[in-house]
Amino acid sequence: HALTRHVHQMLADRPAVVLLSDYAKGVLTPALCQTVINEAKRLGIPVLVDPKGRDYRKYQGATALTPNKRETAEACHADVHDNAALLDAATHLRQHLALDFLAVTRGEEGISLIEDDHSLHIPATARQVFDVSGAGDTVIATLAAGLVAGLDRRDALHLANLAAGVVVGKVGTVPITRAELLHELLREDSAEQADKICERDALLTRVAGWRAAGQRIVFTNGCFDLLHTGHVTYLEAARKLGDKLVLGLNTDRSVSALKGPTRPVIHEQDRARVLAALESVDAVILFDEDTPLSLIEAIRPDVLVKGSDYTEDQVVGGREVKSWGGKVALVDIVPGRSTSSIIDKLGA
């Protein structure tokens with residue numbers, strides 16, 4: 005009774021979130037769990053639970069549970085080695101317990117988010133594992149911090165996944181620092197940027213996935229030598245015309261064929277890497293042909309973009325894009341901004 009009174013007093017202070025970390029030591033009884041969950045729900049306070057045991061009914065009505073894969077299998081009476089059956093059972097468990105979502109931690113496989121009638125898998129970052137102690141605590145704590153900071157549950161779980169990846173790389177139960185988490189985010193950004201640079205087959209697979217998800221594909225191409233504000237503004241405008249922007253980048257050989265033997269100034273791999281760092285660009289592919297026509301025919305973009313210094317009938321691939329129901333868009337260019345003018349200034 006004293007503990008129950010203390011819980012009510014703490015909830016009266018309106019905390020941003022409540023965490024129930026169950027170690028099956030007898031404190032979190034079914035009665036106490038339901039008291040906390042019901043009172044928190046009445047006050048509009050989310051409750052996150054790291055569960056223990058086989059009977060999860062005492063967590064009924066919580067915002068979310070974060071069991072690991074083995075715990076989920078035991079609670080659902082499912083085969084831990086059958087991912088499809090386990091996911092189906094976890095979906096029913098979420099519904100039965102009236103949870104907003106269920107986050108199943110799966111070690112080196114990452115985290116599965118189960119919400120409403122669909123699920124999402126967040127893969128783990130590959131790294132050497134020294135000690136898994138404290139990984140579950142790290143996940144629920146980082147998830148809570150992310151939600152309180154205003155992240156949606158997917159982004160908060162993604163952050164929690166990264167944090168757990170750092171913790172398992174240490175020996176013992178060790179907290180993660182803000183600097184370590186920031187470093188991990190920056191490292192992931194660098195990897196994602198490098199991943200944007202695609203070979204043809206990989207790009208077509210990626211485009212097929214985007215299209216299956218109902219996303220509109222935008223394509224543009226160019227040399228993009230000595231990247232400048234005109235380029236950046238152009239690409240931002242192109243990206244706004246759809247959901248994903250694919251950039252066809254001329255190889256060094258094709259740039260020389262178009263611009264002359266002194267071009268490009270920047271090597272093709274360096275140009276690709278810089279362009280991949282732009283938020284507006286979702287994929288970069290090098291092409292060696294004089295025109296990107298074969299690439300356009302393979303990608304079949306919904307929108308083909310060129311600068312307003314072209315007319316529609318001058319745009320390579322325009323007729324083809326229109327034939328499958330796509331459109332050609334001409335984007336205004338920034339006056340006085342060009343690679344040639346920069347080179348002229350450098351040579352003056």
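Those letters in the sequence shown? Residues 5 to 352, by our numbering.
Each residue gets a CB set at the ideal place from its N, CA and C atoms; glycine is no exception.
- Distance check between alanine 94 and each of Met14, Thr70 and Leu7 places Thr70 closest, using alpha-carbon atoms only.
- DSSP lists Ser116 as the bridge partner or partners of histidine 125.
- By the C-beta density criterion, proline 296 is buried, having at least 16 other C-beta atoms within 10 angstroms.
- The continuous stretches of beta strand (DSSP E) do not include alanine 153, and DSSP gives it neither H nor E.
- Under the three-state reduction of DSSP, serine 312 is assigned to coil, being neither helix nor strand.
- Looking at the DSSP output, threonine 295 sits in no beta bridge, so it has no partner there.
- Of the other Cβ atoms in all chains shown, 16 or more fall within 10 Å of the Cβ of glycine 150; this residue is therefore buried.
- Out of Val278, Tyr314 and Lys248, the CA that lies nearest to the CA of glutamine 219 is found in Lys248.
- In this structure, the alpha-carbon of arginine 215 lies about 13 Å from that of valine 307.
- Looking from the CA of glutamate 272, the closest CA among Glu283, Asp292, His10 and Val285 belongs to Asp292.
- DSSP, read as helix, strand or coil, puts serine 327 in helix.
- For arginine 267 against aspartate 229, the beta-carbon gap comes to about 6 Å, under 8 Å, which counts as contact.
- Within the DSSP secondary-structure output, glycine 48 pairs in no beta bridge.
- A direct Cα-to-Cα measurement between glutamate 188 and threonine 181 gives close to 11 Å.
- Rounded to whole angstroms, alanine 241 and glycine 329 show a C-alpha spacing of 21 Å.
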